[in-house]
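Peer 1:
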Amino acid sequence: MITIIDYGMGNLGSVLNMFKRLNVPAKITSDADLIANSKKILLPGVGAFDNAMNSINNSGLREILDHKAIVERVHVLGICLGMQLLTRSSEEGECAGLGWVQASTYKFPPAAGLKVPHMGWNVVKPTRRSELTKELFDKSRFYFVHSYYVKVENENNSILKTHHGITFDSAIQNQNIYGAQFHPEKSHKFGMHLLKNFANL
Amino acid sequence: MLRTRVIPTLLLRNESLVKTIKFGKYVYIGDPCNTVRIFNELEVDELIFLDITATVEGRAPNLEILADIANECFMPLGYGGGVKTFEQAKSIFQIGFEKIVINSHAIENPVFISELSKHFGNQAVIASIDVRKSFFGHYSVRTYSGKKKADIEPTLWARRLEELGAGEIIITSIGNEGTWSGYDIDLVKTITEAVSIPVVAHGGAGCLQDLSDAVKLAGASAVAAGSLFVFQKKDMGVLINYPTQDEQENLFGDI
């Protein structure tokens, strides 16, 4: 069972739809007990960094999530803003991030002809072997929507890279903790494969 | 590199998909769920659904159909038609759509755009501008599926929509819609030059070349089309189709 954390940010329906299609049991919840007993966690998210962190910190979920990720070491996947929350900080806000991965989140630098948000389909380049990204389809492409990007401090934590004006980390991993900047739930068979890999961990 | 998005626009009329010509005279295309299942198999970049009678009939969005659609689709989805309240937008996002298209209600209540973009993010709000060209070549903004004239000039309205927080603009030429005659390149260009947010060209695409023209000649960030992706050819039967990735690379590769 995959527990999809509902902390009031983002459309969770589409993530659930894709797990349904994969026949993977998944549940959307904000219930502290359910989350405390979860076996695998998906942290979605669309919206502003501080809103998300405040919501996690103020709802009492922070301690439970820290315990699951750091002490129990259950598998966690952060998607889009959910991946940025895994980092230490973001130029989008003042709040500290969860800090589970040694990385930070930055604003795309202004550049001529470069549209921000980075919105649309783009390709990824695997930089390291990871269970999350194993056996990706040839010419895999993924749907991105974001104005901020993640950069890891230690290249060992980068598993996919993507180019949009600059090259950034489009998927990251620190042991049991994974992040994907794109929306696998909106990326056809390419994203479905990645979520299946996560379900099989 | 970021790909140019190629977006089929599908028109809902009651429980069916239809295709119009110049916002009138519609042809039945098929059942929404069957059609989107095919588009899903074709791995389209994105889909936009427009309920073309919701606003005119003063009707709320048909959430049941939208939920059925979202269950079949694993790509970005946009919906427009009759969205007037924050709660309606929220329900549509929860179903699994990530973009809401606002047209008539933006004219009536411009702050609605800000309200949505503040809460759901700019990327979730597409402002739609329908434009009719007069006999003398003058452009006017239209609402209520083209029936009402709004008292603002298209480029000024586009700039205002950007200020209000729209994340994208879809610009539709009513006169070209459904005619296979190509986009109104001049119109698209005036809008792309007026704003810095992505502009989606819509209305009139009749061949793949038209798609790349909108990007190369008019500066569109994405292209949308109806007839081209639901008919075999002009005046021929229904055939759901979509350019392959290779065809798209050839079209847009050097942009």
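Chains A and B supply the protein sequences, listed in that same order. Going letter by letter, the first sequence gives residues 1 to 201 in our numbering. Going letter by letter, the second sequence gives residues 202 to 456 in our numbering. Beta carbons are placed, not taken as given, at the ideal position from N, Cα and C, and that holds for glycine.
1) Going along the region 270-298 of chain B in order, which residues come within less than 7 Å of chain A, judged by CB to CB distance?
2) Would you mind stating whether residue 4(A) and residue 15(A) have Cβ atoms separated by less than 8 Å?
3) How is residue 352(B) classed by DSSP in three states: helix, strand or coil?
4) According to DSSP, is residue 279(B) part of a helix, a strand, or is it coil?
5) Pick from 67(A), 38(A) and 83(A): whose alpha carbon is nearest that of residue 44(A)?
6) Whose CA, out of 142(A), 137(A), 166(A) and 120(A), lies closest to the CA of residue 111(A)?
7) Is there a Cβ from chain A that is less than 8 Å from the Cβ of residue 399(B)?
8) Give the residues from the region 116-147 of chain A that approach chain B closer than 9 Å (Cβ to any Cβ), ordered along the chain.
9) Roughly how many angstroms separate the alpha carbons of residue 119(A) and residue 237(B), rounded to a whole number?
10) Within 8 Å (strictly less), CB to CB, does residue 405(B) reach chain A?
11) Against chain A, with Cβ distances strictly below 8 Å, would residue 452(B) count as a contact?
12) Answer yes or no: do residue 7(A) and residue 61(A) have a C-beta to C-beta separation smaller than 8 Å?
13) Roughly how many angstroms separate the alpha carbons of residue 212(B) and residue 252(B), rounded to a whole number?
14) For a cutoff of 8 Å on Cβ pairs, would you count residue 30(A) as touching chain B?
15) Just to confirm the assignment, what range does the alpha helix (DSSP H) spanning residue 57(A) have?
16) Hey, could you find the ends of the alpha helix (DSSP H) residue 453(B) is sitting in?
17) What is the DSSP secondary structure of residue 173(A), counted as helix, strand or coil?
18) Kindly indicate which three-state DSSP category residue 426(B) falls into: helix, strand or coil?
19) Just to confirm my understanding: we take residue 319(B), look at its own chain, exclude 5 residues before and 5 after, and list those with CB closer than 7 Å. What are they?
20) Under the rule that 16 or more other beta-carbon atoms within 10 Å means buried, what is residue 323(B), buried or exposed?
21) Take the Cβ of residue 498(B) as the centre, count every other Cβ of all protein chains shown within 10 Å, and call the residue buried at 16 or more, exposed below.
Peer 2: By the coordinates alone:
1) 271, 272, 275, 276, 277, 294, 295, 296 and 297
2) yes
3) coil
4) strand
5) 83(A)
6) 166(A)
7) yes
8) 117, 118, 119, 120, 121, 122, 123, 139, 141, 143, 144, 145, 146 and 147
9) 22 Å
10) no
11) no
12) yes
13) 6 Å
14) no
15) 49-58
16) 446-453
17) strand
18) strand
19) 366
20) buried
21) As shown, chain B starts at 202 and ends at 456. That puts residue 498(B) outside it, with no answer to give.
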